[in-house]
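These notes concern the structure reproduced below.
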Amino acid sequence: FIVMEFLRLSGRADAKLFGRKMAMMHLATPLAEEAQQGKFGFDVPNTIGGTAQPNAWSDDWVAFFREQRIGHQEAFLRASSSSLLLPPPWPITTIPSAPCEAFSPLISLSLSLSLSLSR
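Here's what the structure looks like:
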């Protein structure tokens, strides 16, 4: 649950402190064994607003995001009465692996979506 309405938020935020705390959070060793193995997901489903959001573990960030974030939302929308307004689903495309370990998953997702749209 989010209890934002009970927080007393006022004054000016300390951007440097926020940055340090955010970095510490991202440097922490995850508790879940799957996350320690480099997988993407979470132990339990959660919600985005009032919509259930799956979190099954995946070895591939792009596949996780495509199937359990964008794909899940698309399937939810298609199951609703608004689905008559939607275009046909995008084809799932596969792009070659990045030549560099530092290649960002977000760039990979963007390329994948761009390739899908260009067909």
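According to the working numbering, the sequence shown is numbered sequentially starting from 1027. For glycine and all other residues, C-beta sits at the position ideal for the given N, C-alpha and C.
May I have the straight-line CA-CA distance separating residue i from residue j, to the nearest angstrom?
i	j	result
Asp1040	Val1029	21 Å
Phe1044	Leu1053	14 Å
Ala1049	Phe1102	34 Å
Ser1086	Ala1078	The sequence as given places Asp at residue 1086; Ser does not occur at that position. Rounded to whole angstroms, Asp1086 to Ala1078 spans 21 Å at the Cα level.
Gly1064	Asn1081	14 Å
Gly1097	Arg1104	10 Å
Quick check on DSSP: helix, strand or coil for residue i?
i	result
Phe1090	helix
Arg1145	Only weak support exists for where Arg1145 lies, its pLDDT of 43 falling under 50; the value from the coordinates is given anyway. Coil.
Ile1074	strand
Phe1044	helix
Gln1079	strand
Quick check on this structure: which residue in the options has the alpha carbon closest to the alpha carbon of residue i?
i	options	result
Gln1094	Gly1076, Gly1067 and Ala1105	Gly1067
Gly1075	Arg1038, Gln1099 and Ser1106	Gln1099
Glu1059	Trp1083, Arg1038 and Lys1047	Trp1083
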